[in-house]
Every structure is written in structure tokens, then in C-alpha cells.
Amino acid sequence: MTKTTLTESFVTSSQSETERIASDFADKIKPPVVITLDGELGVGKTAFARGLINGLGKEGTVSSPTFGIVNEYQTEKGQTAHFDLYRVSDDDTLEMAGFFDYIEKAVVIVEWPDIVRSELGDNVIEVTIKQLHNNNREITIKR
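Written out as C-alpha cells, the structure reads:
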């Protein structure tokens with residue numbers, strides 16, 4: 261059976277637009293699923309994650325887990341784990357943070373996913389954010 265890939269692209273001009281697109285996209289998510297966020301430093305990956313987590317039904321503050329590796333949230337769609345793997349260099353750290361347990365049961369959002377990309381399985385949504393001119397961003401979602 262061949263898997264069909266659906267690609268959507270958006271251009272945003274503000275952080276709030278990025279968050280809104282992610283929040284709207286949350287309606288299309290069914291756990292368990294891994295959502296990878298790719299893009300340069302400062303391009304808006306955490307803003308997208310924040311919008312997505314809020315769209316899943318989490319009220320309140322959503323922040324980057326840069327130093328703690330993972331932030332966990334309870335949302336209307338169940339458990340959501342937001343990982344920032346920028347400083348992670350080995351599977352032991354991922355194992356201690358519960359990464360491999362989360363991907364079997366939760367919505368898992370992964371910033372800087374290169375270290376785990378080959379271990380994610382089939383239920384992955386890839387989000388790429390690119391800086392354009394005039395502070396605009398192009399968001400591409402492949403699922």
C-alpha cells in the first residue's frame with residue numbers, strides 16, 4: 261500500500277499568525293503522532309509549537325523546553341510532549357526523558373529532530389519553517 265503525502269504551505273508575517281495556523285492545524289491531529297519542527301534558530305519553531313499546543317486545548321503558558329529537554333501538557337487530545345533536542349547528543353538522554361515512551365501514546369512535538377528522525381516510524385508530520393524577506397515566514401506541513 262502506498263502512503264499518500266499531503267503538503268500544505270502558508271506564509272505568515274507575525275508570530276501570532278504562525279500560532280494561529282498551528283492552532284487551526286491542531287484539529288487535524290490524531291494521537292499518537294510525532295510532529296517534527298525544522299528551521300533555523302529563531303525562525304518560529306517554538307511559536308508554532310505554542311499555537312499547536314494551545315489548539316490542542318491547553319490553556320495558559322507554553323514555553324520552549326530548551327534546558328529541560330521536554331515539557332509535558334495535558335490537552336483535550338490527551339498527553340502532549342514538547343521536546344527541544346538542540347542540546348541532545350545521545351539516545352541515553354532521550355531515554356531518560358521518556359522520549360520513546362511518549363511516541364507510542366502521545367502527541368509529540370520535536371524541535372531539532374535530526375538526532376531521532378530515523379527512529380520516528382511512520383506516523384510523522386513534518387513542519388518546516390523558513391525565513392523569507394520582510395520578516396515573513398513560509399510554513400510547510402507534510403503529512
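So the sequence shown is numbered by our numbering: it starts at 261 and just counts up by one. Cβ atoms here follow ideal geometry from the backbone N, Cα and C, with glycine treated the same way.
Coil, strand or helix - residue i by DSSP
{"i": "Y333", "result": "strand"}
{"i": "Y378", "result": "Position check: residue 378 holds Ser in this sequence, whereas Tyr was assumed. In the structure shown, S378 sits in a helix (DSSP, three-state: H, G or I)."}
{"i": "E398", "result": "strand"}
{"i": "G358", "result": "coil"}
{"i": "D351", "result": "helix"}
{"i": "G338", "result": "strand"}
Terminal residues of the beta strand (DSSP E) in which residue i lies
{"i": "K390", "result": "384-391"}
{"i": "I369", "result": "367-371"}
Identity of the residues DSSP links to residue i by a beta bridge
{"i": "S324", "result": "DSSP output for S324 lists no bridge partner at all."}
{"i": "T267", "result": "K402"}
Cβ-based neighbour list, residue i, same chain, cut-off 6 Å, excluding 5 preceding and 5 following
{"i": "P373", "result": "T296"}
{"i": "L380", "result": "V294"}
{"i": "V330", "result": "A341, F343, A357"}
{"i": "T309", "result": "The residue you asked about is not Thr; residue 309 is Ala in the sequence shown. So the list reads H342, I369, once near-sequence residues are dropped."}
{"i": "G442", "result": "Nothing about residue 442 can be reported from this structure: the residues present for the chain run from 261 to 403 only."}
beta-carbon residue i near the ligand NAP non-hydrogen atom, thresh 8 Å
{"i": "H393", "result": "Although the ligand NAP was asked about, the structure shown includes no ligands whatsoever."}
Sequence-distant residues of its chain with Cβ nearer than 7 Å to residue i (five each side left out)
{"i": "P292", "result": "I363, E364, K365, A366, N383"}
Beta-carbon proximity list for residue i, same chain, < 8 Å, skipping 5 on both sides
{"i": "I385", "result": "I289, V293, V294, I295, T296, I401, K402, R403"}
> Which ranges would you report for the beta strand (DSSP E) in the region 273-308 if only whole runs of at least 3 residues count?
Replying inline: 293-298
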